[in-house]
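Q: Here you go, one structure.
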Amino acid sequence: MVNVAVAGGTGQLAREVIDALLATGNHTITILSRHPSPSLPLYTNPLITHITVDYTSLPSLTTALSTHKTHTVLSFIQALSDPLGTAQITLINACLASGVKRFAPSEYACKSTTHLPFWGAKALVRSYLERINTPIPVLEYTLFQPGLLLDYLAAPYRTSEHVTPLGTPFVVANRRAVVVSGHEDAVLVFTSARDVARGVTMMVGYEGVWPTVSGMRGGRVTFREVVGICERIRGRMEVEEVRVEDLKRGELKLGWGLGGRHKAVEEERAEEMKRRVMVGILMGCVDGDWDVGVEVNELFPGCEFEGVEAFLRRVWEGKE
């Protein structure tokens, strides 16, 4: 049995992972959060302990991890709330001080955040982990990178217990898509929240050394292929093209609005942030940032992840 601490454990994807860990019956879980435990059924499970911590305090975090003899720490701390990575870096130092064996930072997206500057904390934390493990490894770690969540393509329907769909370049409900002109064959990877949770859970139980990067794929597709799949299931898609030149200036010229606001984003900033996210995703796809690897798939070849077309058919076939 592995003792796992989950930082930011009240977040949506974090709760999917916690559910998957609990389902194995092989792990005890300590949820670390800034606020006292909410009255949710999740926290009544005897395998779960909830601890309120101060992410600016190394002693607070070290005590929390030491008390529960923590083996693995999974971080889901929001980059928007920790723009300099301070909380995660303090958490890493607490791992070192308390003898934690494994750490996974708050990643769960793409290979590079160059076009997503509001996720700059991810790059800072990566650099810190690389630095402390050079020249001698002191903390085993991995970067979980599943690409975009397939669940977002189901909007407005929910396909997982906790994840609320956010916007992507494909608005399947309204039969719309946006592509970058001349880059219709840009690649992106999708993985369902359920499969991300399964992948992380399998990696927690993995007895070998973690790879530095743990990419996982439900499906690797081009923009052109996604549009084709959607048209086979939903009928003709309205495809708008945007230019790289405009995206580089931060401009997104669409004839329709963007949906889905993350709960970490204030209402007054929502439209600006949705634009920045979409521009970042589109530019990242042009540069190959969302073409993540298959390390998890290869370590567990018997575990089949749901593909893009299978997911879209399951959600959309037979719907108006």
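Here full-length UniProt numbering is used: position 289 in the sequence shown is 289, and no number is missing along the way.
Using N, Cα and C, we set each Cβ at its ideal position, and we do this for glycine too.
It should be emphasised that the depicted structure is a prediction, and the values quoted were computed from it without experimental measurement.
For E241, which residues of its own chain have a beta-carbon under 8 Å away from its beta-carbon, when the five flanking residues on both sides are left out?
A: The sequence position of residue 241 within the sequence shown is 241, counting from 1. If we look at E241 and ignore the five residues flanking it on each side, its Cβ neighbours are V178, V179, V180 and S181.
Q: Looking only at C-alpha atoms, which of T72, R217, V294 and P165 sits nearest to residue 371?
A: Nothing can be reported for residue 371, as the shown portion of the chain is limited to 1 through 320.
Q: Sort E245, D246, V100 and V226 by Cα distance to E238 and report the nearest one.
A: Working through the sequence shown from its first residue, we reach residue 238 at position 238. The option with the nearest alpha carbon to E238 is V226.
Q: Cα separation between K101 and C95?
A: By one-based count along the sequence shown, residue 101 stands at place 101. By one-based count along the sequence shown, residue 95 stands at place 95. Cα-Cα distance, rounded: 8 Å.
Q: Which stretch, first to last residue, makes up the alpha helix (DSSP H) that contains V138?
A: Counted from its first residue, the sequence shown places residue 138 at position 138. Where V138 is concerned, there is no enclosing alpha helix (DSSP H), given that its DSSP letter is neither H nor E.
Q: Locate the alpha helix (DSSP H) running through F118, then write down its first and last residues.
A: Here residue 118 corresponds to residue number 118 of the sequence shown, with the count starting at 1. Careful: F118 lies outside any alpha helix (DSSP H) and carries neither H nor E.
Q: Can you find the residues in the same chain that come closer than 6 Å, C-beta to C-beta, to V286, ignoring five residues on each side of it along the sequence?
A: Against the sequence shown, residue 286 aligns to sequence position 286. Only V180, H183 and A186 meet the Cβ criterion.
Q: Report yes if the C-beta distance between R220 and V189 is below 8 Å; otherwise report no.
A: Translated into the one-based positions of the sequence shown, residue 220 becomes position 220. Translated into the one-based positions of the sequence shown, residue 189 becomes position 189. Against a cut-off of 8 Å, the Cβ pair of V189 and R220 comes out as a contact.
Q: Using only CA atoms, which one of M278, I229, V6 and A197 lies nearest to F305?
A: Position 305 of the sequence shown holds residue 305. The shortest C-alpha separation from F305 is found at A197.
Q: Short check: CB of V172 to CB of L149, under 8 Å?
A: Looking up residue 172 in the sequence shown gives position 172. Looking up residue 149 in the sequence shown gives position 149. Not in contact: V172 and L149 (Cβ atoms no closer than 8 Å).
Q: How many angstroms separate the CA atom of T90 from the CA atom of T113?
A: Residue numbering aside, residue 90 sits at position 90 when the sequence shown is read from its first letter. Residue numbering aside, residue 113 sits at position 113 when the sequence shown is read from its first letter. The straight-line gap separating the alpha-carbon atoms of T90 and T113 is approximately 21 Å.
Q: Determine, using beta-carbon pairs with one atom in the region 190-209 and one in the region 109-128, whether at least three such pairs fall under 8 Å.
A: no
Q: Is the distance from the Cβ of A193 to the Cβ of V213 below 8 Å?
A: By one-based count along the sequence shown, residue 193 stands at place 193. By one-based count along the sequence shown, residue 213 stands at place 213. Not in contact: A193 and V213 (Cβ atoms no closer than 8 Å).
Q: Is A14 near Y55, with beta carbons less than 8 Å apart?
A: Along the sequence shown, read from residue 1 onward, the residue named residue 14 stands at position 14. Along the sequence shown, read from residue 1 onward, the residue named residue 55 stands at position 55. 8 Å or more divides the Cβ of A14 from the Cβ of Y55.
Q: Hey, how far is the Cα of E295 from the Cα of L166?
A: Counted from its first residue, the sequence shown places residue 295 at position 295. Counted from its first residue, the sequence shown places residue 166 at position 166. Those two C-alpha atoms are separated by around 26 Å.
Q: Name the two residues that bound the continuous alpha helix (DSSP H) containing N93.
A: If you number the sequence shown from 1, residue 93 lands on position 93. Its alpha helix (DSSP H) spans residues T86 to S98.
Q: Provide the residue span of the alpha helix (DSSP H) that contains N297, from first to last.
A: Reading the sequence shown from its first residue, position 297 is the one you call residue 297. First-last of the alpha helix (DSSP H) with N297: E295 to L299.
Q: Taking the straight line between their C-alpha atoms, what separation do you get for H35 and E231?
A: Stepping through the sequence shown from its first residue, residue 35 is reached at position 35. Stepping through the sequence shown from its first residue, residue 231 is reached at position 231. Cα to Cα, the separation comes out at about 45 Å.
Q: Which partner residues of T30 appear in the DSSP bridge assignment?
A: Sequence index remark: in the sequence shown, residue 30 carries index 30 (1-based). Paired residue(s): A5 and T49.
Q: Which residue spans inside the region 210-289 form an unbroken alpha helix (DSSP H) run of at least 4?
A: List check, alpha helix (DSSP H) in window: 223-234, 244-248 and 270-286.
Q: Going by C-alpha distance, which of P59, L32, P137 and G25 is nearest L47?
A: Translated into positions along the sequence shown, residue 47 becomes position 47. When each option's Cα is compared against that of L47, the closest is G25.
Q: From the DSSP output, read off the bridge partner residues of T191.
A: Counting from 1 along the sequence shown, the entry for residue 191 is found at position 191. Bridge partners of T191: L149.
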